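For the sequence shown, my numbering puts the final residue at 569, and the numbers step up evenly by one. Accompanying notes for the structure given below.
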Amino acid sequence: EPTVRRLLSFASFAPVLAVSAKTGFHVPHVLSTALQIMRTMQEGLSETVCHSLVQAAWGSHLPPRARGRPLRFHHARWLSGRPPRIELTISPAVARLPEPFEHYLSNRLHADPRLAGIPLGFVVRGLKDSQRPTPVPTS
């Protein structure tokens with residue numbers, strides 16, 4: 431398995447399953463895994479589950495600062511499509527996440543069994559002014 435993972439590093443999200451064409455060993459397991467991945471890609475994750483997965487990953491390893499300011503995570507939601515994407519609402523607004531942090535986030539999300547085998551992309555949105563929390567006045 432390590433050799434296969436190294437050679438197919440571009441598909442690190444994909445599960446590696448041993449099969450035998452000659453004996454049929456694990457062929458039903460591969461087919462059921464493929465069907466489960468397809469079903470998850472079509473149905474997606476609920477907004478609550480998606481948000482909690484990203485929030486847990488974000489909280490355990492903060493991204494680097496953008497223009498000297500910390501990136502704050504506000505919301506995540508599943509966007510269906512091929513490949514499916516996760517829309518992240520963060521502040522301050524940036525065009526995209528730093529590449530090492532995006533890899534970390536992708537790997538951390540793929541550790542969840544519900545997302546194993548699903549290629550993920552990220553769409554980054556800035557927090558709109560109307561969504562910004564209003565500061566509490568101090569007296």
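The beta-carbon is built from N, C-alpha and C at its ideal position, and this holds for glycine as well. If you're wondering where the values come from, they're calculated on a predicted model, not measured in any experiment.
Specify whether the stretch 503-516 and the stretch 462-481 touch according to this definition: at least 3 beta carbon pairs, one from each stretch, less than 8 Å apart.
The stretch 503-516 is in contact with the stretch 462-481.
For Phe503, which residues does DSSP report across the bridge?
Per DSSP, Ile520.
Which residues does DSSP list as the beta-bridge partners of Leu527?
Paired residues: none, contrary to the question.
By Cβ distance, which residues of its chain are closer than 6 Å to Val553, with the 5 residues on each side in sequence left out?
Excluding residues within five positions, the ones whose Cβ falls inside 6 Å are Arg515, Glu517.
Whose CA, out of Pro500, Ile548, Pro549, lies closest to the CA of Leu527?
Comparing Cα-Cα distances from Leu527 to each of Pro500, Ile548, Pro549, the minimum goes to Pro500.
Return the bridge partner residues of Arg544 from the DSSP annotation.
Paired residue(s): none; Arg544 is not in a bridge.
How would you label Leu437, buried or exposed, when you count the other beta carbons within 10 angstroms and need 16 or more for buried?
It is exposed - the Cβ of Leu437 has fewer than 16 other Cβ atoms within 10 Å.
Using a Cβ cut-off of 7 Å (strictly closer), state whether His505 contacts chain D.
Reference to chain D is not applicable here, since this structure consists of a single protein chain.
Just the Cα atoms here: how many angstroms apart are Arg555 and Ile467?
Using only the alpha carbons, I get a separation of about 27 Å.
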